[in-house]
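Working notes, structure below.
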Amino acid sequence: MKNIVFLLLGLLMLVSCQTDLDIPFPEHQPKLTLNGYLVENGPLFLYVTRSFSALEDVGSVNDTSILIKDATAEVFRNGERLGELEFIPSGLDTFLFQGQFGVDTFFNFINNNVYVYPDTTVKPKAGDEFEFKVNHPTYGTATVKTTVVPKPEILGVELVTDSIVTTDFDGYQDSWSALKIRVQDPGDISNFYGLKGFIYTVEEYEDGLGGVIKDSFNYPILISTEIVRDGGGTIFGNSRPLADTDFNGQEAVLYGWVRLPGCCGYPTDILNRPQTEVLKIDAEALLIDEDFGVYQDKRQLQSESRTEGIEGAILPREPVSVVGNVEGGYGLVGSFNFRRITYDF
Amino acid sequence: MSKCYLKILYGFLFLSLFSLPSKTFAQKYTISGYVIDEASGEKLLGATVYDAKTKKGGLSNTYGFFSLTLPSDTVELVFSYTGYKTKGMKFLLDKDTLISISLGYLALDQVDIVAENLERKVDQTQMSRVEIPLEQIKKLPALFGEVDVVKALQLMPGVQSGSEGSSGLYVRGGGPDQNLILLDGVPLYYVSHLGGFFSVFNADALSSIQLYKGGFPARYGGRLSSILDVRMKEGNLNKFEGEGSVGIISSKVSVQGPIARGKSSFIISGRRTYVDLFTRPISRLASNGEAAIGYYFYDLNGKANYILSEKDRLYFSFYTGEDRFSGNGGYEFNDPGVSYEEQFKLALGWGNRLGALRWNHIWSDKLFSNLTATYTRYQLRIAAGGESTETRGDSVRKESFDLEYISRIQDLGLKLDFDYYPSPGHEIKFGINSTYHTFEPSTIGVSTAGGGQNLDTSLVSKIDQPIESFVYLEDNIKIGQRISANMGVHAVHYYLNQTHNWSIQPRAALRVGISEDVSFKASYSQMTQFIHLLTNSGVGLPIDLWVPATEKVPAQTSWQVAGGVSASLWNDQFEFSVEGYYKEMNGLITFKEGNNFFFGGAQSGGWEETVETGGTGTTYGLELLLQKKQGKTTGWIGYTLAWNWRQFDNINKGERFPFKYDRRHDVSVVVTHELSPKVNLAATWVFGTGNAITLPTAGFAGLDNPLDPYFQYQGANSPAANIYQSYLYSIYSSISPFQDGVELFENGRNGFRMQAYHRLDLGVNFTKKKRWGERTWSFGVYNAYNRLNPFVYYFQTVFTNEPDGSFSQEQKLRKLTLFPIIPSISYQFKF
Numbered sequence: 000m001k002n003i004v005f006l007l008l009g010l011l012m013l014v015s016c017q018t019d020l021d022i023p024f025p026e027h028q029p030k031l032t033l034n035g036y037l038v039e040n041g042p043l044f045l046y047v048t049r050s051f052s053a054l055e056d057v058g059s060v061n062d063t064s065i066l067i068k069d070a071t072a073e074v075f076r077n078g079e080r081l082g083e084l085e086f087i088p089s090g091l092d093t094f095l096f097q098g099q100f101g102v103d104t105f106f107n108f109i110n111n112n113v114y115v116y117p118d119t120t121v122k123p124k125a126g127d128e129f130e131f132k133v134n135h136p137t138y139g140t141a142t143v144k145t146t147v148v149p150k151p152e153i154l155g156v157e158l159v160t161d162s163i164v165t166t167d168f169d170g171y172q173d174s175w176s177a178l179k180i181r182v183q184d185p186g187d188i189s190n191f192y193g194l195k196g197f198i199y200t201v202e203e204y205e206d207g208l209g210g211v212i213k214d215s216f217n218y219p220i221l222i223s224t225e226i227v228r229d230g231g232g233t234i235f236g237n238s239r240p241l242a243d244t245d246f247n248g249q250e251a252v253l254y255g256w257v258r259l260p261g262c263c264g265y266p267t268d269i270l271n272r273p274q275t276e277v278l279k280i281d282a283e284a285l286l287i288d289e290d291f292g293v294y295q296d297k298r299q300l301q302s303e304s305r306t307e308g309i310e311g312a313i314l315p316r317e318p319v320s321v322v323g324n325v326e327g328g329y330g331l332v333g334s335f336n337f338r339r340i341t342y343d344f
Numbered sequence: 000m001s002k003c004y005l006k007i008l009y010g011f012l013f014l015s016l017f018s019l020p021s022k023t024f025a026q027k028y029t030i031s032g033y034v035i036d037e038a039s040g041e042k043l044l045g046a047t048v049y050d051a052k053t054k055k056g057g058l059s060n061t062y063g064f065f066s067l068t069l070p071s072d073t074v075e076l077v078f079s080y081t082g083y084k085t086k087g088m089k090f091l092l093d094k095d096t097l098i099s100i101s102l103g104y105l106a107l108d109q110v111d112i113v114a115e116n117l118e119r120k121v122d123q124t125q126m127s128r129v130e131i132p133l134e135q136i137k138k139l140p141a142l143f144g145e146v147d148v149v150k151a152l153q154l155m156p157g158v159q160s161g162s163e164g165s166s167g168l169y170v171r172g173g174g175p176d177q178n179l180i181l182l183d184g185v186p187l188y189y190v191s192h193l194g195g196f197f198s199v200f201n202a203d204a205l206s207s208i209q210l211y212k213g214g215f216p217a218r219y220g221g222r223l224s225s226i227l228d229v230r231m232k233e234g235n236l237n238k239f240e241g242e243g244s245v246g247i248i249s250s251k252v253s254v255q256g257p258i259a260r261g262k263s264s265f266i267i268s269g270r271r272t273y274v275d276l277f278t279r280p281i282s283r284l285a286s287n288g289e290a291a292i293g294y295y296f297y298d299l300n301g302k303a304n305y306i307l308s309e310k311d312r313l314y315f316s317f318y319t320g321e322d323r324f325s326g327n328g329g330y331e332f333n334d335p336g337v338s339y340e341e342q343f344k345l346a347l348g349w350g351n352r353l354g355a356l357r358w359n360h361i362w363s364d365k366l367f368s369n370l371t372a373t374y375t376r377y378q379l380r381i382a383a384g385g386e387s388t389e390t391r392g393d394s395v396r397k398e399s400f401d402l403e404y405i406s407r408i409q410d411l412g413l414k415l416d417f418d419y420y421p422s423p424g425h426e427i428k429f430g431i432n433s434t435y436h437t438f439e440p441s442t443i444g445v446s447t448a449g450g451g452q453n454l455d456t457s458l459v460s461k462i463d464q465p466i467e468s469f470v471y472l473e474d475n476i477k478i479g480q481r482i483s484a485n486m487g488v489h490a491v492h493y494y495l496n497q498t499h500n501w502s503i504q505p506r507a508a509l510r511v512g513i514s515e516d517v518s519f520k521a522s523y524s525q526m527t528q529f530i531h532l533l534t535n536s537g538v539g540l541p542i543d544l545w546v547p548a549t550e551k552v553p554a555q556t557s558w559q560v561a562g563g564v565s566a567s568l569w570n571d572q573f574e575f576s577v578e579g580y581y582k583e584m585n586g587l588i589t590f591k592e593g594n595n596f597f598f599g600g601a602q603s604g605g606w607e608e609t610v611e612t613g614g615t616g617t618t619y620g621l622e623l624l625l626q627k628k629q630g631k632t633t634g635w636i637g638y639t640l641a642w643n644w645r646q647f648d649n650i651n652k653g654e655r656f657p658f659k660y661d662r663r664h665d666v667s668v669v670v671t672h673e674l675s676p677k678v679n680l681a682a683t684w685v686f687g688t689g690n691a692i693t694l695p696t697a698g699f700a701g702l703d704n705p706l707d708p709y710f711q712y713q714g715a716n717s718p719a720a721n722i723y724q725s726y727l728y729s730i731y732s733s734i735s736p737f738q739d740g741v742e743l744f745e746n747g748r749n750g751f752r753m754q755a756y757h758r759l760d761l762g763v764n765f766t767k768k769k770r771w772g773e774r775t776w777s778f779g780v781y782n783a784y785n786r787l788n789p790f791v792y793y794f795q796t797v798f799t800n801e802p803d804g805s806f807s808q809e810q811k812l813r814k815l816t817l818f819p820i821i822p823s824i825s826y827q828f829k830f
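In order, the protein sequences belong to chains A and B.
Okay, so the first sequence: first residue is 0 according to numbering that gives the first Met the number 0, each after it adds one.
Okay, so the second sequence: first residue is 0 according to numbering that gives the first Met the number 0, each after it adds one.
Encoded structure:
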C-alpha cells in the first residue's frame with residue numbers, strides 16, 4: 000500500500016521541482032563520541048570518534064576522518080584509577096580471550112582502531128562500576144560510567160513447537176515455535192532482556208552428481224522477542240530487547256519466537272532443505288543494563304525509521320532521539336551479561 | 000475557576016428562563032416565518048429582520064426562519080440580506096402573523112425603508128467567525144482553476160493551510176483533526192481529494208459557509224479548534240436553472256429546479272476530474288502496454304425539499320464523493336518448453352458518503368424545531384489481485400491471490416434542535432443529539448489458491464462502537480442597545496466498552512457596544528473531543544485514520560478565551576477587527592518515535608500502542624482583519640501573529656516544542672475589482688513563516704549492535720571464529736548518519752524552520768450574457784512570480800566527477816517545490 004501512496008504522490012510531482020538549498024545551516028561543534036560495552040570477563044575497550052555536521056562529508060565505509068587516535072583514555076574501577084587505555088591501530092592478537100562460544104562472539108570486530116586496556120587479566124565482574132575518561136586537545140573531555148550487570152538467573156527452558164501461525168498480506172504463512180525461558184528477574188536494577196542463538200542441524204542435499212550429501216550445520220538464528228507486521232503487511236520477528244518493566248523482581252517467562260527448519264516460513268536466507276533434522280538450539284539469554292537497552296532500541300528504531308530522500312520527507316516517521324550516557328560528548332558505554340542455554344531435540 | 004464559572008452560567012440561564020415575556024403584562028404579538036430568495040425560493044440564513052419603529056430585530060436562523068415579538072402597533076419591518084435589495088413592509092400588528100418574505104418581492108402595504116444594517120460584525124455577539132460569500136470565492140484565482148472554499152478560508156487570519164496546496168485547516172493552532180466539518184449538519188471525516196490538494200466541496204452546490212474559530216455557540220461541539228458549517232443549496236422552487244464549468248483537470252455541472260412549482264424542488268451537482276484520461280494511455284505507452292494506471296475523483300451532491308404545509312418542510316440531502324486509483328498490468332514470457340503469464344490488478348478508493356433527512360416544523364410563532372436523521376461514512380478500500388500460469392509441457396500450474404483492505408468510520412445520528420424566540424433580541428436554542436459511531440480501523444481479507452496451499456481468511460482489527468450523545472442550551476440575549484450575550488452549556492455523554500464519560504462544557508460570549516460603530520467582544524469556550532486522528536504525514540493522505548477515545552487514549556479537551564474589538568469604518572465601507580486568543584489543549588496524541596501509519600501497527604488495529612498520549616498544547620496569538628465589503632473594489636487584509644506549542648512527556652526530553660505549523664507571521668491580501676460588469680480582476684498574496692520541521696543537524700558513529708542476532712554471524716562461522724578477526728565493516732558501516740550512524744537533533748523537535756512561504760495568484764474573469772444564459776471565461780496564474788516554495792526538505796548525497804577520473808561526494812540539503820508558476824483556464828456557464 001505504501002508504494003501506491005508514493006505513486007499517487009509521484010503523479011503530483013510531475014509538476015514539482017527539486018533545488019539545492021542555500022540557507023544557513025546550524026553550525027555543529029564536534030564532540031568526542033565514546034562507544035563500548037562491558038561483558039563479564041570481556042575486554043575493557045572504547046571506540047573513540049568525533050561527531051560531525053549533517054552536511055559534512057564523512058565519506059564512505061572506509062573513511063576514517065572521524066576516528067580519534069590521539070586521545071588520552073583513562074579507566075577507573077569502583078572509583079580507583081586502573082590506568083590508561085592503548086590505541087590499537089591493528090593487530091590485536093595479543094588480546095585473545097578464551098575461544099568460547101559467547102564471549103568471543105560479542106567482540107568479533109575488535110581488532111583495529113580501538114582503545115584497549117592492556118592488562119588482560121583485569122576483567123569486568125558483575126557489580127563492578129567502570130568509568131572512562133577521555134581527553135582530546137581539540138574535542139575536549141568526555142566521561143562515562145557503567146556498572147556490569149549480573150548474569151540472568153534461568154529457572155527453566157521449554158520449547159512449544161508451532162505455537163503461532165501468522166499470515167501476512169500476501170497470504171504467506173509462518174509457523175513460530177515458542178522458546179519459553181523462565182527467569183528470576185533481579186529486582187534491584189532496571190534492565191532489559193535479549194535473546195540470540197544458534198541452531199544445529201543435520202541436512203541432506205544433492206551433491207550435483209546424482210548423490211546426496213548429509214552434513215552438519217550450525218546457523219545463527221533469529222530468536223525474536225516480538226512478532227510484528229511491517230508496512231507492507233509482512234510479518235517478521237523483531238529482536239528488540241525486552242524491558243523488564245512488568246517483571247519487577249518476580250519470576251517471569253521470556254518468550255522467544257523461532258522458526259524451525261522443515262516448516263513453512265523457515266528463514267529464507269538459509270537454504271531450506273527438506274531433509275533436515277534439528278539437533279539442538281543453543282541460545283543465549285542476555286541481561287542488558289537499562290541505558291544500553293534503551294540506546295540500542297532507539298538506535299535500531301532510528302535506523303529503521305529513516306527513509307532516504309523525498310519519500311522519507313513526504314511520509315515521515317516520527318523522529319527518534321537516541322540519548323547516550325556520555326557526559327561532555329556522545330555515544331554510550333553500557334554493559335550486558337548472558338547465560339547459555341541448550342535445548343536438545 | 001471552572002466551577003465558579005458554571006454557577007454564574009447556570010444562574011444566568013435560570014434568570015433568562017424566568018424573564019420570558021408574558022402576554023399578561025403587555026399586549027404583544029409575534030411575526031414569524033421564512034426569509035427566502037425571490038428568484039429561487041431558497042431560504043436565506045442570517046437575514047436581518049428589523050422593526051424600524053421600536054428598533055428591535057433579529058436574524059433568520061440556519062433554515063431561514065425568523066420570529067419577532069413586538070407590541071401591538073403599526074410595525075415597520077425591514078428585511079435585509081447581503082447582496083440582496085433591502086425591502087420593507089408596514090402594517091398594523093394586531094395578531095400573531097406568519098409570513099414568508101421574499102426579498103425584493105413587495106407584498107402587503109409595504110413601503111421602502113432604508114435599512115440599518117444589522118449584519119455588521121460590530122453588531123454581532125458572535126466573534127471569531129469567518130464568513131466569505133461564495134460568489135466572492137468563485138472570483139478568486141485558484142490552483143488549476145479549481146474553486147476551493149476551504150482554501151479561501153485559509154486566507155483569513157487565524158486559519159492556516161498546512162503545507163503547499165493543502166486544503167487542510169489549522170485553526171488557531173489546532174490540528175486538522177480538531178475541525179468539525181458539517182455538510183448540511185452532517186459531519187464529514189475526510190474533506191480532501193488528491194491527497195489534500197482539493198477539498199470535497201463543490202462551490203456550485205453550496206449556499207453558505209461559516210467557520211467558527213472560537214466563541215463556539217453551545218449547539219456545536221465535538222472538536223477542539225473549529226466548526227466549519229457548510230450548507231448546500233436547496234434547489235430553485237420556481238424555475239429550472241443550471242450552471243457548470245470546464246477546467247483543466249475537472250468539469251462540473253449543477254441543475255436545480257422545481258419538482259412541483261412552489262412546493263418542492265431539487266438540486267443535483269456533480270464534478271469529476273479527468274486526469275485518468277491522460278494517465279492511462281501515457282502509462283500504457285511508457286510500459287510497452289504492460290501496465291496502465293488511472294486516477295480520478297468525483298463529487299455528487301443532491302438535495303430535495305418539500306413544503307408539506309405552511310409549518311412543515313422536509314429535506315433530503317446527500318453527498319457522495321470518492322478518489323479512485325486503479326492500475327492493472329501483465330507480464331509474460333515464452334521459452335522453449337516453458338511459458339509464463341502473470342496478470343495483476345489494483346484498485347484503491349476512498350471517500351465519503353453522507354445523507355440527511357430533515358423535518359422543519361413551526362410549533363408556534365415562537366418555537367421552531369428541526370429533526371434530523373443523519374448518516375455519514377468514510378471508507379478506504381484497497382483491492383489487489385493477481386494470477387499466474389506456468390506451463391511446462393503438459394504440466395500447468397496456476398496460482399492466484401486476492402486481497403482486500405478496508406478501513407472505515409461510520410456514524411448514524413439523530414438530533415432534535417429547537418429555536419425559541421421569547422422576545423425581540425432574545426433567542427434560546429436547545430436540543431439533543433445522539434450518534435452511534437462505528438470505527439473499523441482495518442479489515443483484511445486474503446485468499447490464495449494454487450502452489451500447494453489454499454487460504455481464505457479475514458483479519459479484522461478491533462471494532463469500536465461508541466455512542467456519543469449531547470444536550471445543549473444556548474441563550475442569545477440583548478440587554479439594552481449596547482450589550483448582548485450568548486451563554487450556553489454543552490453536555491456530552493460518551494459510552495464505550497461499558498465505560499461512561501461525561502463532559503460539561505460552558506460557553507459564553509459577550510459584546511459591549513462602545514459606540515455605534517465600535518464594540519468590544521469577549522468569549523470563553525470549553526470543548527471536548529472524543530475522537531482522534533492518527534496522522535503525521537501533514538499532507539492529508541487517505542490513510543489518516545480516525546480512532547475513538549478509549550480508556551488508554553482518553554478524549555482531548557481544550558479551553559479558549561478570546562477578546563477583541565470590532566469596528567465599522569467610513570460609513571460601513573470597511574470593517575476592522577482585532578482579536579487576541581489563548582487556548583490550552585490537553586489529551587493530545589501523536590505517533591510514538593519511529594512510528595507512522597505504515598510502521599507501528601496502526602493499520603492492524605493495535606493503534607493504541609503506537610501513540611504517545613497525554614500531550615498538551617498551548618497556542619496564543621493576535622489576529623487583525625481589515626475588510627472592504629462594498630463597492631467595486633472589495634477584499635481584505637489579514638494578519639496573524641501566533642505561537643503554537645506542544646508538550647509530550649516522552650518526546651523532546653519532555654520539553655515543549657513548536658508545533659509543526661507554528662507560524663509566527665501569516666499575512667493574506669485579497670483584492671477583487673469589478674472593472675466593468677463584464678470584467679473583474681482578482682489577486683491574492685499570502686505570506687507565512689516557514690513550517691517547523693525536525694532535521695538532523697549532526698551525527699555520530701555508533702558500534703554495531705552486539706545484541707543483534709546477526710552480529711555474530713561473521714565471527715562465529717569464519718574459519719577463525721575463536722580469535723578476534725578484523726571486521727572493519729562492523730565499525731565503518733556505522734559512520735555515516737545516513738546509513739547506520741546516529742542522527743543528532745541538536746535543535747530539538749521541530750527546531751528547524753523552513754523558508755518562508757509566499758505566493759501571488761492573479762485571475763481575471765470575462766462574463767458575457769448570452770441568449771441561453773451567461774458564460775464566463777476565467778484565466779488565472781497560480782504563483783505568478785514563480786516562488787519556489789518549499790514543500791519538504793531532504794538530504795541527498797551528490798556525486799561529482801572530478802577531472803582526474805575520481806569522484807567527490809557532498810551532502811546537500813535540498814527542497815522539493817510542488818507548484819511553480821501554473822496558469823489555468825476555465826469556462827463557466829449559467830442558464
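Ideal Cβ placement from N, Cα and C applies to all residues, glycine included.
Computed from a prediction, not measured in an experiment: that's the story for all the values here.
Exercise for the section: State the beta-bridge partners of H672(B) as determined by DSSP. Expected result: Here residue 672(B) refers to the residue found at position 673 of the second sequence. Listed as beta-bridge partners of H672(B) by DSSP are T632(B), L680(B).
Exercise for the section: Would you kindly work out how many angstroms separate the C-alpha atoms of L817(B) and F143(B), rounded to a whole number? Expected result: Start at 1 with the first residue of the second sequence, and residue 817(B) comes out as number 818. Start at 1 with the first residue of the second sequence, and residue 143(B) comes out as number 144. Distance between the alpha carbons of L817(B) and F143(B) is about 13 Å.
Exercise for the section: Below 7 Å between beta carbons is the criterion; list the residues of the stretch 22-36 of chain A that meet it against any residue of chain B, in chain order. Expected result: Residues passing the 7 Å Cβ filter: I22, F24, P25, H27, T32, N34, Y36.
Problem - I530(B) - DSSP class collapsed to helix/strand/coil - result: What you label residue 530(B) is simply residue 531 of the second sequence in a count that begins at 1. Residue state, collapsed to three classes: strand.
Handout entry: Beta-carbon proximity check, V148(B) vs A202(B), cutoff 8 Å
Key = On the second sequence, residue 148(B) is found 149 positions in, with the first residue counted as 1. On the second sequence, residue 202(B) is found 203 positions in, with the first residue counted as 1. For V148(B) and A202(B), yes; Cβs fall inside 8 Å.
Handout entry: Reduced DSSP secondary structure (H/G/I, E/B, other) of Y4(B)
Key = Within the second sequence, the letter at position 5 stands for residue 4(B). Unreliable placement is indicated for Y4(B), whose pLDDT of 49 sits below 50; the coordinate value is still reported in the next sentence. Helix.
Practice task
For chain A, find out if any of its Cβ atoms is closer than 8 Å to the Cβ of T816(B); answer yes or no.
Solution key: What you label residue 816(B) is simply residue 817 of the second sequence in a count that begins at 1. Under the Cβ criterion of 8 Å, T816(B) is counted among the residues facing chain A.
Problem - Test: D19(A) CB closer than 8 Å to a CB of chain B - result: Along the first sequence, one-based indexing puts residue 19(A) at 20. Output row for D19(A): interface = yes.
Practice task
Assign R770(B) to buried or exposed, taking buried as 16 or more other Cβ atoms, counted over all protein chains shown, within 10 Å of its Cβ.
Solution key: Within the second sequence, numbered from 1, the residue matching residue 770(B) stands at position 771. The C-beta of R770(B) has fewer than 16 other C-beta atoms within 10 Å across all chains shown, which makes the residue exposed.
Handout entry: CB contact flag (E303(A), G593(B), <8 Å)
Key = Numbered from its first residue, the first sequence carries residue 303(A) at position 304. Numbered from its first residue, the second sequence carries residue 593(B) at position 594. For the pair E303(A) and G593(B), the CB atoms are nearer than the 8 Å cut-off.
Handout entry: Residues within the stretch 65-76 of chain A neighbouring chain B, beta-carbon criterion of under 8 Å
Key = Within the stretch 65-76 of chain A, the qualifying residues are I65.
Problem - Minimum C-alpha distance to F235(A) - residue among V332(A), C16(A), D173(A) - result: Numbered from 1 along the first sequence, position 236 holds the residue referred to as residue 235(A). F235(A) has its Cα closest to that of D173(A), out of V332(A), C16(A), D173(A).
Handout entry: G57(B), buried or exposed, once every other Cβ within 10 Å from all chains shown has been counted against 16
Key = Counting from one through the second sequence, the residue named residue 57(B) turns up at place 58. Label assigned to G57(B): buried.
Exercise for the section: Go ahead and pull the three-state DSSP assignment for G329(B). Expected result: Here residue 329(B) refers to the residue found at position 330 of the second sequence. Looking at G329(B) - three-state DSSP - the assignment turns out to be strand.
Handout entry: Member of G779(B), L223(B), I248(B), Q464(B) whose CA lies at the smallest distance from the CA of L193(B)
Key = As a working mapping, residue 193(B) is identified with position 194 in the second sequence. Looking only at G779(B), L223(B), I248(B), Q464(B), the smallest Cα-Cα distance to L193(B) is reached by I248(B).
Problem - Classification of Y330(B) by the beta-carbon crowding that lies within 10 angstroms, buried from 16 upward - result: Taking the second sequence and counting its residues from 1, one reaches residue 330(B) at position 331. Residue environment for Y330(B): exposed (fewer than 16 other C-beta atoms within 10 angstroms of its C-beta).
Problem - V148(A) - DSSP class collapsed to helix/strand/coil - result: Walking along the first sequence from the start, residue 148(A) turns up at place 149. The answer is coil: DSSP assigns V148(A) none of H, G, I, E or B.
Exercise for the section: Starting from A151(B), follow the alpha helix (DSSP H) in both directions and report where the run begins and ends. Expected result: Position 152 of the second sequence, counted from the start, is the residue given in the question as residue 151(B). Residues 148-152.
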